[in-house]
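In what follows, a single structure is set out as structure tokens and then discussed.
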Amino acid sequence: MKNNAFNSIKDAYQLVKGAKIKSIKYEEVFELGAYDSNKRGYTVYPFEDGVKFNDFSVIVSEKELMKHYLIEGVNVNMPVTQTVQITSSLTSLGLAS
């Protein structure tokens, strides 16, 4: 994960389940879980070598995430043809509607 570029979090819409985040001060990488409206924060799980550790989690507020964490930069420009191929293969298996 050290080779991936992490960028500052500019908008709360970047905070999606499964996103990889990293503290500005430390090298640990975390995976963002679901938003918990009762606790007013996101569940964050430790992530190392491609493995998410579900046995430990913390709740971090949106404000703290945007102030003290970086988010992994992802390429959102996947060609439409690749998206169609993925969907059509799932449809042929009866997994997509």
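Going letter by letter, the sequence shown gives residues 10 to 106 in the numbering used here.
Positions of the beta carbon are idealized from the N, C-alpha and C atoms, including for glycine.
All values derive from a computational prediction rather than experimental measurement.
Bridge partners - Val60, DSSP secondary structure assignment: Glu57
Environment of Lys31 [buried if 16+ CB atoms lie within 10 Å]: buried
Closest by C-alpha distance to Ser66, when choosing among Gly59, Asp45, Asp20 and Ala14: Asp45
Nearest-angstrom Cα separation, counted from Lys76 out to Gly50: 14 Å
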